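Residue numbers (the numbering used here): 1 to 347.
Don't be surprised by glycine CBs; every beta carbon is placed ideally from N, CA and C.
On a predicted model such as this, the values are computed, not experimentally measured, just so you know.
One structure is given below, encoded as structure tokens.
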Amino acid sequence: MILVTGGTGFIGRRIVLRLALVEGQRVRLLSRDPGRFWSEVAPSSRALREAMSASPVGLIPDPAGPGAGPKRPLPPDDALRTLREVVETVAGDVRDDPARLAEAMKGTQAVVHTVAILRETQRRTFQSVNVEGTENVVKAMQRAGLRRLVHLSALGTVNAPRYRYIYSKWLGEQAVLHGGLDHTVLKPSFIYGDSPSFLDNVVQTINMAPGVLPLPDGGRALFQPLWVEDLVTLIMLCLKDNRHVGQSYEIGGPEHWSLAEIYKLVLRVRGQRRVLVPVLRSLFLPGVVFTGLAMKNPPATPDELKQLEVDNYTDVDAVQRIFGFKPGRLEEHIDYVREIEAGWTGR
Ligand SMILES: NC(=O)c1ccc[n+]([C@@H]2O[C@H](COP(=O)([O-])OP(=O)(O)OC[C@H]3O[C@@H](n4cnc5c(N)ncnc54)[C@H](OP(=O)(O)O)[C@@H]3O)[C@@H](O)[C@H]2O)c1
1 MILVTGGTGF IGRRIVLRLA LVEGQRVRLL SRDPGRFWSE VAPSSRALRE
51 AMSASPVGLI PDPAGPGAGP KRPLPPDDAL RTLREVVETV AGDVRDDPAR
101 LAEAMKGTQA VVHTVAILRE TQRRTFQSVN VEGTENVVKA MQRAGLRRLV
151 HLSALGTVNA PRYRYIYSKW LGEQAVLHGG LDHTVLKPSF IYGDSPSFLD
201 NVVQTINMAP GVLPLPDGGR ALFQPLWVED LVTLIMLCLK DNRHVGQSYE
251 IGGPEHWSLA EIYKLVLRVR GQRRVLVPVL RSLFLPGVVF TGLAMKNPPA
301 TPDELKQLEV DNYTDVDAVQ RIFGFKPGRL EEHIDYVREI EAGWTGR
């Protein structure tokens, strides 16, 4: 059995589905509100459909699991029944005492740790969730006698407190690197393929700017978007192959995309038109602060604006070199952005 922390999240949910439906594993997912998993995995969901069309990498079969293999002909209702049989949910907070988290790890063989917050709230800080939460997971594993950990970090993590999110991810990484476990750290650029994710913020910005769309520093910042199902495949390969133990990998899709190119692509796919205008990044700050005050989910935060200074790409052949397969191109998997309805979500 494999424990997925954050198994209700954008990425965690896909990991749970793949492990259970394609790799034949039993899965325990931990999050604060794990029941969300069942409400979000509808028979018609993109996540379920895409998970079921993936090929197994061939993890060591779980003796009490449902058996491995592509479940392509499996009707979605049967897939849901399988999930009910092999997926356990546990309510837990990574800010809990490690002894309590260790309880949730009993009977599992490996942990995939995806929990992190990408934005802070008053009650949930980067320090408490991304740093101390990861430290707690490492301590809980030590306590439970568990060794194998695949940790989801991020590209561009840096030992520089002025970048609050990527600094917190850097500190979380340090806990994993020095935790004495059989770890693999994956550091991807932004992930896309479902909502909510980075591209929802792009759509939201487009919808807030009818006519003219200002881009910070002309949208020069570079990214290397990776399709969520390709990331899940990499996680499966890490769990399968011990050669990945002790490694930390920077990963991304097969192309570099500037922010401006990403905006143009999303506009084209959605059939929208905007005039893109370069604006100095420093001039964005007041607007970003204002929308942060006025909106519950603003398209960007001051921290994210500042982070544009830090590279978010690596070698275009990184995945091919390390894992032996070529990840999908952004244009192949981006149709879903047509369906994103992101508008003005005032407080
Ligand atoms: N999305 C990207 O583009 C991207 C890019 C690079 C790296 N990453 C990394 O990938 C990981 C997953 O990201 P994501 O986009 O899937 O995030 P997400 O959709 O926000 O999911 C986060 C998950 O963590 C859970 N969670 C949050 N706070 C928790 C807490 N205190 N205790 C227990 N569970 C908690 C959430 O469920 P509840 O809120 O119900 O507890 C949810 O299941 C993160 O580590 C992120 O840094 C993401």
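Ligand 1 has no heavy atom closer than 7 angstroms to the beta-carbon of K139.
A140 sits in a helix when the DSSP states are folded into three classes.
Excluding sequence positions up to five before and after R143, its CB lies within less than 7 angstroms of the CB of P98, A99 and A102, all in the same chain and listed in chain order. In terms of side-chain proximity, the C-beta atom of A20 is found no nearer than 7 angstroms to any non-hydrogen atom of ligand 1. DSSP lists P278 as the bridge partner or partners of L215. Taking 7 angstroms as the cut-off, the C-beta of T89 does not count as close to any heavy atom of ligand 1. DSSP, reduced to helix, strand and coil, places I2 within a strand of the structure shown. Annotation: the continuous alpha helix (DSSP H) that includes V232 extends over V228 to K240. Distance from the CA atom of Q320 to the CA atom of L293, rounded to whole angstroms, is 43 angstroms. Membership of E173 in the alpha helix (DSSP H) is indicated by the continuous run R164 to L177. Residue state for I60 is assigned as coil, using DSSP reduced to three classes. With a cut-off of 8 angstroms on Cβ pairs, the segment 167-180 is not in contact with the segment 257-273, counting fewer than three such pairs.
Under the 10 Å beta carbon count, G35 is surrounded by fewer than 16 other beta carbons and is classified as exposed.
Here G252 really is in contact with L226; their C-beta atoms are around 5 angstroms apart, less than 8 angstroms. Annotation for Y249: L186 and I322 place their beta carbon closer than 6 angstroms to its own, counting only its chain and skipping 5 residues before and after. By the Cβ-count criterion, A221 is buried, with 16 or more other Cβ atoms from all chains shown falling within 10 Å of its own Cβ.
By the CB criterion at 8 angstroms, P254 and V202 fall outside the cutoff.
Going by beta carbons, S168 and F223 fall outside the 8 angstroms limit.
Around the beta carbon of L283, a 10 Å sphere encloses fewer than 16 other beta carbons of the protein chains shown; the residue is thus reported as exposed. I251: member of the beta strand (DSSP E) spanning Q247 to I251, first to last residue.
Remark: the shortest separation between the CB of R268 and any heavy atom of ligand 1 does not fall under 7 angstroms.
Non-local beta-carbon contacts of E88 in its own chain, meaning distances under 6 angstroms to residues more than five positions away in sequence, involve R28 in chain order.
For S31, the three-state secondary structure derived from DSSP is strand. In the DSSP assignment, R148 forms a beta bridge with A110 and D182. Taking a cut-off of 8 angstroms on C-beta distances, the segment 48-58 touches the segment 228-247, as three or more cross pairs fall below it. Nearest in C-alpha terms to V94, of all of G133, S195, S45 and G180, is G133.
Taking 8 angstroms as the cut-off, the beta carbon of F37 is found no closer than this to the beta carbon of G65. Taking the CA atoms as reference points, Q127 sits about 14 angstroms from N159. Comparing alpha carbon positions, the residue from D96, T82 and V277 closest to T5 is D96. Residue environment analysis places G211 among the exposed positions, since fewer than 16 neighbouring C-beta atoms fall within 10 angstroms of its C-beta. Taking C-beta atoms as the reference points, P216 and L305 count as a pair closer than 8 angstroms.
Residue pairing from DSSP places I191 in a beta bridge opposite L226. In the three-state scheme derived from DSSP, where H, G and I count as helix and E and B as strand, V90 is classed as strand. Set against 7 angstroms, the gap from the CB of D97 to the closest heavy atom of ligand 1 is not smaller.
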